[in-house]
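Residue numbers (our numbering): 31 to 433.
Below you'll find the structure, written out as structure tokens, and then a few comments.
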Amino acid sequence: MIFPIFFFLLTLFASVSVCITEDEEDRLIALHRSLIEIRSSTKTGDPQTDERNVQSFIENYLKEMAKELKVDITIKRQEVTEGRDNLYAYIGRERSTSVMLTSHVDTVQPHFGYSVGVDEEGEELIYGRGANDAKGSVAAMMIAFRSLIIDKQVKPGDLSLLFVVAEEIGGEGMREFSKLGLTWDSVIFGEPTDNKLATGQIGGMAFKVNTFGKQVHSGFPELGKNAIDSLRKVMDHLHDVVGEIKSDERYGLNSLNLGQIGGGVADNAVPPDAWATGSYRLTVGTDEAKEKINRYINQKACPRWDWKSNPDSPCADIVIEYTFTEEPLDIDHDIPGFNTFGARFGSDISILAGNHRKYLFGPGSILTAHTLGEYVKRSELIAAVDGYKRIVVHRLNDIKGSE
31 MIFPIFFFLL TLFASVSVCI TEDEEDRLIA LHRSLIEIRS STKTGDPQTD ERNVQSFIEN
91 YLKEMAKELK VDITIKRQEV TEGRDNLYAY IGRERSTSVM LTSHVDTVQP HFGYSVGVDE
151 EGEELIYGRG ANDAKGSVAA MMIAFRSLII DKQVKPGDLS LLFVVAEEIG GEGMREFSKL
211 GLTWDSVIFG EPTDNKLATG QIGGMAFKVN TFGKQVHSGF PELGKNAIDS LRKVMDHLHD
271 VVGEIKSDER YGLNSLNLGQ IGGGVADNAV PPDAWATGSY RLTVGTDEAK EKINRYINQK
331 ACPRWDWKSN PDSPCADIVI EYTFTEEPLD IDHDIPGFNT FGARFGSDIS ILAGNHRKYL
391 FGPGSILTAH TLGEYVKRSE LIAAVDGYKR IVVHRLNDIK GSE
């Protein structure tokens with residue numbers, strides 16, 4: 031049994047080996063550094079700090095790539111707001127390609143610059159805003175695109191690149207791009223996934239809770255109704271609901287974040303109103319979650335004398351407004367040789383319109399994204415180039431095989 035096991039392991043390791051040349055690695059690291067050092071915060075309203083400078087850099091980089099490789103690369107800008115454009119690039123003149131690689135160039139604030147460190151195991155870490163979310167994906171996609179052209183694994187009509195603005199706040203860039211009505215067989219979205227393929231993306235909803243009471247002098251609280259006390263009870267029960275909803279590993283785990291809270295008019299007055307905002311991450315449909323939340327609040331937080339005839343709605347003094355909803359999304363993950371996971375975060379994958387296969391993949395961990403210690407491992411960044419190439423080639427081969 032030793033020899034079959036040996037050859038099985040040899041085949042397995044060969045299937046996940048990283049195929050990137052020394053020149054490509056040098057180009058990747060230099061490109062990644064340049065992208066990080068250009069500030070591209072989402073919708074700052076300042077031409078020096080928003081996404082326009084990094085998009086100009088990418089556009090020029092692709093133009094130089096075309097000259098170097100002596101290949102026709104079409105680069106199109108699409109205005110999202112004045113000065114802030116999406117970039118769409120493809121080989122030749124065929125806009126609708128079989129496969130598209132896409133990620134976002136905007137980052138959350140605050141910006142911080144490029145630096146390099148080493149972890150306890152000697153692994154090189156690259157720090158900086160956007161190092162993994164998502165300039166790691168952007169850099170790896172661009173080098174993969176170049177490599178596939180050099181290796182003659184893509185031709186006009188096969189592969190395109192899309193880099194959008196404003197993913198971090200509302201997905202404005204991808205919403206605008208969807209209006210073009212282009213089509214693809216497969217789209218690969220770049221986000222920090224630890225170089226794993228996502229099996230699904232968690233759904234969710236944002237909400238605002240308002241509670242209402244009766245204002246009286248604080249010396250006689252028994253004569254009034256304290257809206258903050260009511261809100262506190264509601265918040266406790268909002269947490270309780272999470273335990274009542276079954277999680278699905280395809281999408282991750284259900285969770286609740288209470289983000290903001292306010293209320294009252296003065297320290298010496300019983301508060302007449304209070305409010306809180308928050309969001310659920312959900313592995314079930316939002317209608318099912320709303321029904322559970324509303325019923326739970328009605329039964330647990332509403333005074334008996336104020337129960338409504340409809341148990342699926344809170345009482346008159348408690349109002350819940352759902353300001354955003356998104357359903358859990360199944361994601362394609364049928365590429366051999368990749369580990370998988372359920373994505374507990376949102377992305378443009380649910381915004382891009384069209385009937386195409388969807389893949390979510392990229393270097394870095396979502397756990398450091400948006401933090402002041404955001405980083406990507408150098409080895410993961412390098413491996414992502416090979417990962418993107420393998421996904422693209424696998425999909426192109428499948429498409430050609432079905433023709």
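Built from N, CA and C at the ideal position, the CB exists for glycine as well.
Computed from a prediction, not measured in an experiment: that's the story for all the values here.
Test item: CB-CB of residue i and residue j under 8 Å
i: ASN225; j: GLU404; result: no
i: GLY372; j: ILE232; result: yes
i: LYS322; j: ILE275; result: yes
i: ILE327; j: PRO344; result: yes
i: GLY392; j: GLU221; result: yes
i: ILE412; j: GLU55; result: yes
i: VAL239; j: VAL264; result: yes
i: GLU390; j: THR223; result: Note that residue 390 corresponds to Leu in the displayed sequence, not to Glu. Yes, Cβ-Cβ distance for LEU390 and THR223 is below 8 Å.
i: VAL135; j: VAL84; result: yes
i: ALA23; j: THR72; result: Only positions 31 to 433 of the chain appear in the structure, and residue 23 is not among them; the question remains open.
i: GLY230; j: LEU359; result: yes
i: LEU99; j: ILE179; result: yes
i: GLU124; j: GLY75; result: no
i: LYS419; j: SER167; result: no
i: LEU192; j: ASN287; result: no
Alpha helix (DSSP H) segment containing residue i, residue limits
i: ASN427; result: 408-432
i: GLN231; result: Note, GLN231: premise wrong, no alpha helix (DSSP H); beta strand (DSSP E) at 227-231.
i: GLN290; result: First-last for GLN290: 285-293, but that is the beta strand (DSSP E), not the alpha helix (DSSP H).
i: GLU98; result: 82-99
i: VAL264; result: 257-274
i: GLY203; result: 202-208
i: VAL168; result: 165-180
Inter-residue CB distance, residue i and residue j (contact presumed, cutoff 8 Å)
i: TYR118; j: SER190; result: 7 Å
i: PHE175; j: VAL194; result: Not confirmed; about 16 Å, so no contact.
i: GLY293; j: TRP305; result: 6 Å
i: ARG69; j: HIS141; result: 5 Å
i: ILE365; j: ILE379; result: Actually they do not touch by this definition, with Cβ atoms about 16 Å apart.
i: ARG408; j: GLU154; result: 4 Å
i: ARG107; j: ILE381; result: Not really, about 19 Å apart at Cβ, beyond 8 Å.
i: ILE350; j: ASN385; result: 34 Å between Cβ atoms; not a contact.
Euclidean distance between Cα positions of residue i and residue j
i: GLU198; j: PHE242; result: 33 Å
i: VAL46; j: THR307; result: Below a pLDDT of 50, predicted positions are generally treated as unreliable, and VAL46, at 40, falls in that range; no measurement from the model is reported.
i: ARG159; j: LEU253; result: 53 Å
i: LYS93; j: SER86; result: 11 Å
i: ASP80; j: GLU202; result: 14 Å
i: ARG374; j: ASP278; result: 11 Å
i: GLY417; j: ASN427; result: 15 Å
i: ASN369; j: GLY122; result: 34 Å
i: ILE218; j: VAL110; result: 22 Å
i: VAL406; j: GLY394; result: 5 Å
i: THR104; j: TYR120; result: 5 Å
i: ALA296; j: GLY200; result: 35 Å
i: LEU40; j: ALA228; result: A caution first: LEU40 carries a pLDDT of 38, below 50, which makes its placement in the model too unreliable to give a value.
i: ALA257; j: TYR310; result: 23 Å
i: ASN284; j: LEU131; result: 29 Å
i: ASN298; j: SER133; result: 52 Å
i: ARG114; j: SER248; result: 52 Å
i: GLU318; j: GLU357; result: 11 Å
i: MET95; j: ARG280; result: 39 Å
i: GLU89; j: ILE348; result: 52 Å
i: GLU150; j: ILE156; result: 14 Å
i: ALA346; j: PHE250; result: 24 Å
i: ASP181; j: LYS388; result: 25 Å
i: ALA383; j: LEU210; result: 10 Å
Start-to-end residues for the beta strand (DSSP E) that takes in residue i
i: SER145; result: 145-148
i: LYS320; result: From DSSP, LYS320 is part of no beta strand (DSSP E) but of the alpha helix (DSSP H) over 316-330.
i: ALA119; result: 114-121
i: ARG63; result: Here ARG63 belongs to no beta strand (DSSP E); instead the alpha helix (DSSP H) covers 52-67.
i: GLY308; result: 303-312
i: GLY392; result: That residue, GLY392, is in no beta strand (DSSP E); it is neither H nor E in DSSP.
i: ARG374; result: It is not in any beta strand (DSSP E) - ARG374 carries neither H nor E in the DSSP assignment.
i: ARG107; result: 103-111
i: ASN134; result: The sequence as given places His at residue 134; Asn does not occur at that position. 129-134 is the span of the beta strand (DSSP E), which, as asked, contains HIS134.
i: GLU124; result: Taken as a continuous stretch (DSSP letters only), GLU124 belongs to no beta strand (DSSP E), as it is neither H nor E.
Other residues of its chain near residue i: CB distance less than 7 Å, five sequence neighbours each side excluded
i: SER126; result: LEU212, THR213 and TRP214
i: PHE354; result: MET235 and ALA236
i: ILE50; result: ILE412, VAL415 and ASP416
i: GLN18; result: Outside the shown range of the chain (31 to 433) lies residue 18, about which nothing can therefore be said.
Cβ neighbours of residue i in the same chain (closer than 6 Å, five flanking residues each side left out)
i: ILE429; result: SER128 and ASP215
i: TYR144; result: ARG63, ILE66, GLU67 and GLY158
i: ILE291; result: ALA306
i: GLY289; result: THR307 and GLY308
i: GLY282; result: ILE232, GLY372 and ARG374
i: HIS363; result: LEU227, THR229 and THR370
8 Å Cβ shell around residue i - same chain, five flanking residues per side excluded
i: LEU61; result: TYR91, ALA169, MET172 and ILE173
i: HIS267; result: TYR326, ILE327, LYS330 and ALA331
i: ASP270; result: TYR326 and LYS330
i: HIS400; result: VAL138 and ASP163
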